[in-house]
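Heads up, the thing below is written out as structure tokens.
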Amino acid sequence: MNNIIVFGASGQLGQCLKNIASKKVITNIYFLSSSEANILDTETLKKVFEAYNPEYVINCAAYTAVDKAEDDQEMALKINKTGVENLSHACVEHSSTLIHISTDFVFKGDKAKPLTEVDETKPVSVYGKTKLDGEKVIESLLKKIFIIRTGWLYSEYGNNFAKTMLRLGSEKDELKIIADQVGTPTYAIDLASTILQIIKSGNTAYGIYHYSNEGVTSWYDFAKAIFDIADIEIKAIPVKTEEYLTKATRPPYSVLDKSKIKKEFNLEIPYWRDSLITCINKLKQ
Numbered sequence: 200m201n202n203i204i205v206f207g208a209s210g211q212l213g214q215c216l217k218n219i220a221s222k223k224v225i226t227n228i229y230f231l232s233s234s235e236a237n238i239l240d241t242e243t244l245k246k247v248f249e250a251y252n253p254e255y256v257i258n259c260a261a262y263t264a265v266d267k268a269e270d271d272q273e274m275a276l277k278i279n280k281t282g283v284e285n286l287s288h289a290c291v292e293h294s295s296t297l298i299h300i301s302t303d304f305v306f307k308g309d310k311a312k313p314l315t316e317v318d319e320t321k322p323v324s325v326y327g328k329t330k331l332d333g334e335k336v337i338e339s340l341l342k343k344i345f346i347i348r349t350g351w352l353y354s355e356y357g358n359n360f361a362k363t364m365l366r367l368g369s370e371k372d373e374l375k376i377i378a379d380q381v382g383t384p385t386y387a388i389d390l391a392s393t394i395l396q397i398i399k400s401g402n403t404a405y406g407i408y409h410y411s412n413e414g415v416t417s418w419y420d421f422a423k424a425i426f427d428i429a430d431i432e433i434k435a436i437p438v439k440t441e442e443y444l445t446k447a448t449r450p451p452y453s454v455l456d457k458s459k460i461k462k463e464f465n466l467e468i469p470y471w472r473d474s475l476i477t478c479i480n481k482l483k484q
């Protein structure tokens with residue numbers, strides 16, 4: 200196998216990929232942060248591709264500040280669409296396969312059934328719209344693509360819901376948590392393992408795939424599980440979305456149907472709570 204480049208390597212998923220690659224002793228994978236290789240800088244991208252001539256490109260670079268994007272639409276669009284377009288052109292020139300990480304936010308989430316890859320996309324936030332724009336750009340320019348939609352990412356790395364709950368749980372006596380938004384937590388280590396498994400398989404069933412851990416929960420029940428596993432005593436109060444207003448609208452139901460990725464790559468996906476136990480045990484070490 201030839202070289203693999205990871206863009207956005209200093210983010211949560213990028214760090215998880217580095218962790219798994221190290222354990223699997225994958226030596227031909229190169230991790231580039233946004234300061235080393237900004238996807239908006241076409242000259243730098245050209246040099247990077249010429250230097251590494253990658254067979255696979257994993258794009259973890261994204262504008263992910265969901266609420267901030269509502270007021271910073273221009274930058275969100277630049278990174279999530281224009282940057283992705285720049286990467287796609289570079290992949291075309293070097294015949295590289297692009298693995299791009301997308302989001303459950305491309306859906307409106309108003310139907311209580313697991314979302315498949317062919318369900319109608321109808322984002323209700325700037326973040327979701329710009330990520331969908333990125334998907335469409337990739338599909339218009341490239342054939343060798345794996346677009347992986349995911350959601351509710353957490354891990355030992357970066358800023359995420361699990362780490363925030365652990366911190367707040369140690370600081371507060373009670374906490375209000377949204378109980379009417381439903382989805383599935385995704386342990387970013389599990390996603391990273393899956394991405395590297397896709398590459399190792401050599402499978403060329405290109406297209407859009409959904410990935411999260413198994414099971415279904417709410418943010419409230421997710422938080423309760425975190426407190427339970429970590430032995431944190433705190434009063435968790437369930438609230439409705441309208442009681443906890445945010446700048447951006449969230450999809451109320453974003454459970455992803457993973458049948459396609461499981462069948463195509465022969466995956467056994469861990470149950471969300473089992474992976475959460477693994478993550479919290481690592482954080483407590």
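Each number in this note's numbering comes from the position in the sequence shown (counting from 1) with 199 added on. Backbone N, C-alpha and C define an ideal beta-carbon position, used for all residues, glycine too.
1) Just the C-alpha distance for tyrosine 356 and threonine 403, rounded to the nearest angstrom, thanks.
2) Out of Val205, Ile425, Glu273, Ser474, point me to the one whose CA is closest to arginine 366's CA.
3) Report yes or no: do the segment 412-420 and the segment 384-393 share at least 3 C-beta pairs separated by less than 8 Å?
4) Given a threshold of 16 other Cβ atoms within 10 Å of its Cβ, counted over all protein chains shown, does lysine 280 qualify as buried or as exposed?
5) Kindly list the residues whose CB is nearer than 7 Å to the CB of isoleucine 377, restricted to its own chain and excluding five residues on each side of it in sequence; keep chain order.
6) Please determine, among Val291, Lys459, Asp240, the residue with the shortest C-alpha to C-alpha distance to lysine 277.
7) Between Val305, Glu334, Lys312, Ala311, which has its C-alpha nearest proline 322's C-alpha?
8) Give the DSSP bridge partners of arginine 472, in chain order.
9) For the segment 291-331, list the beta strand (DSSP E) runs that are entirely contained and at least 3 residues long, ordered along the chain.
10) Enumerate, from N- to C-terminal direction, the unbroken beta strand (DSSP E) stretches of 3 or more residues contained entirely within the segment 418-481.
11) Along the chain, which unbroken stretches of the alpha helix (DSSP H) at least 4 residues long are found entirely within the segment 242-300?
12) How far does the alpha helix (DSSP H) with glycine 368 in it extend, from its first residue to its last?
13) Counting Cβ pairs closer than 8 Å, one from the segment 245-258 and one from the segment 294-305, do we hit at least three?
14) CA-CA distance, glutamate 463 and glutamate 373?
15) Leaving out five residues before and five after threonine 243 in sequence, what residues of the same chain have Cβ atoms less than 7 Å from its Cβ?
16) What is the residue span of the alpha helix (DSSP H) that isoleucine 398 lies within?
17) Is it the case that the Cβ atoms of lysine 342 and tyrosine 405 are separated by a distance below 8 Å?
18) Kindly indicate which three-state DSSP category leucine 216 falls into: helix, strand or coil?
19) Roughly how many whole angstroms lie between the Cα atoms of arginine 472 and isoleucine 479?
20) Over what stretch of residues does the beta strand (DSSP E) that includes lysine 375 continue unbroken?
21) Output yes or no for whether 8 Å exceeds the beta carbon distance between glutamine 484 and asparagine 359.
22) Kindly indicate which three-state DSSP category leucine 341 falls into: helix, strand or coil?
23) Going straight from the alpha carbon of glutamate 316 to that of valine 283, what length do you get?
24) Could you tell me which of Ile431, Val381, Ile300 sits nearest to lysine 371, measuring between CA atoms?
25) Less than 8 Å between the CB atoms is what I'm expecting for isoleucine 344 and serine 301, so what's the real figure, rounded?
26) Grab me the residues of aspartate 270's own chain with a C-beta within less than 8 Å of its C-beta, minus the 5 sequence neighbours each way, in chain order.
27) In three-state DSSP terms, what is glutamate 413?
28) Can you tell me whether leucine 352 is buried or exposed? The criterion is at least 16 other CB atoms within 10 Å of its CB, across all chains shown.
This is what the structure holds:
1) Approximately 31 Å, taken between the alpha carbons.
2) Looking only at Val205, Ile425, Glu273, Ser474, the smallest Cα-Cα distance to arginine 366 is reached by Ile425.
3) In this structure the segment 412-420 touches the segment 384-393; the number of beta carbon pairs closer than 8 Å is three or more.
4) Lysine 280 comes out buried.
5) Trp418, Tyr419, Val438, Thr440, Tyr443.
6) The candidate whose alpha carbon is nearest that of lysine 277 is Asp240.
7) Nearest C-alpha to proline 322: Val305.
8) In the DSSP secondary-structure assignment, arginine 472 is not bridged to any residue.
9) Within the segment 291-331, the complete beta strand (DSSP E) runs of at least 3 residues are 296-302.
10) You should have 434-438.
11) The segment 242-300 contains these whole alpha helix (DSSP H) runs: 272-276, 282-293.
12) According to the DSSP assignment, glycine 368 belongs to the alpha helix (DSSP H) that extends over 360-370.
13) At 8 Å Cβ cutoff, the stretches touch.
14) Whole-angstrom Cα-Cα distance: 44 Å.
15) Excluding residues within five positions, the ones whose Cβ falls inside 7 Å are Ala236, Asn237.
16) Where isoleucine 398 is concerned, the enclosing alpha helix (DSSP H) stretches over 387-400.
17) Note that the C-beta distance between lysine 342 and tyrosine 405 is below 8 Å.
18) Helix.
19) Distance between the alpha carbons of arginine 472 and isoleucine 479 is about 10 Å.
20) For lysine 375, the enclosing beta strand (DSSP E) covers residues 373-377.
21) Not in contact: glutamine 484 and asparagine 359 (Cβ atoms no closer than 8 Å).
22) For leucine 341, the secondary structure class from DSSP, reduced to helix, strand or coil, is coil.
23) Pairing glutamate 316 with valine 283, the inter-Cα distance amounts to about 20 Å.
24) It is Ile431.
25) No, isoleucine 344 and serine 301 are not in contact; Cβ-Cβ is about 11 Å, not under 8 Å.
26) Close CB contacts of aspartate 270 within its chain, under the 8 Å cut and outside five residues either way in sequence, are with Lys446 (chain order).
27) Glutamate 413 falls in the strand class under three-state DSSP.
28) Under this definition leucine 352 is a buried residue.
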